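Read through the structure below, which is laid out as structure tokens, and then see the notes.
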Ligand code: E4P
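Encoded structure:
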């Protein structure tokens, strides 16, 4: 089970890599805005960080050592322009996986980009039928938005379950990134459903490590330590 960090903030990426062993990063236009930097400055900073940490390139299976999903300009509305933009982004770092929206033009762009060797993460996926086409075109990743579904009152885990089942049965190689995961409960449910990857903000991963009984237990052990003769 891989953990990706959903962020474009370099200090967070660096911290989460050093201390939490994150396996990759996902960004989107919101995260770029929150980084406080213009798009090109933010992604070039991430590309440099990848190099400095000797993470540039691919492993023996041909997968990015440390994939970073970078989303194309969300205003692009035809597949030709999406492809031109994707190529430019990919030139900045070979680790960049191009995030493309799951709409009619986006899926065309993703298919053609995959055929030319530029890996894609088809994003904003909200139904199993969308996910099926993403698997059929052999995109590198599909991103069902679990947190957004749950926030709107839908059952995010049930739809994830369907996608995982279909992908297994059909033998699609596309890896499932559970996106916009908001809590430890969702992390555990996504893992139990057999998702390949989770992406979440740093605060979500940190909150998921806390439990009041751990603090309660620690306090008990501190008392025992303090009342042990000779300590
Ligand atoms: C994932 O790839 C998306 O960037 C992300 O999970 C969207 O979530 P957000 O609502 O935290 O921006």
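In our numbering, the protein residues as written are 11 to 241.
By construction, the Cβ of each residue, glycine as well, lies at the ideal position given by its N, Cα and C atoms.
This one's a predicted model, so the numbers in the text were calculated from it and none came from an experiment.
Residue burial classification, residue i (beta-carbon count within 10 angstroms, cutoff 16)
i	result
residue 228	exposed
residue 21	exposed
residue 183	exposed
residue 11	exposed
residue 96	buried
residue 40	exposed
residue 57	buried
residue 125	exposed
Proximity test, residue i beta-carbon vs ligand 1 heavy atom, cut-off 6 Å
i	result
residue 16	yes
residue 83	no
residue 190	yes
residue 209	yes
residue 153	yes
residue 36	yes
Which residues DSSP lists as bridging residue i, in chain order
i	result
residue 210	15
residue 111	133
residue 151	131 and 185
residue 49	For residue 49, which the question treats as bridged, DSSP gives no partner whatsoever.
residue 35	15 and 78
residue 231	For residue 231, which the question treats as bridged, DSSP gives no partner whatsoever.
residue 106	78
Short Cβ contact (7 Å threshold) for residue i with residue j
i	j	result
residue 197	residue 218	yes
residue 110	residue 120	yes
residue 13	residue 173	no
residue 45	residue 18	yes
residue 210	residue 16	yes
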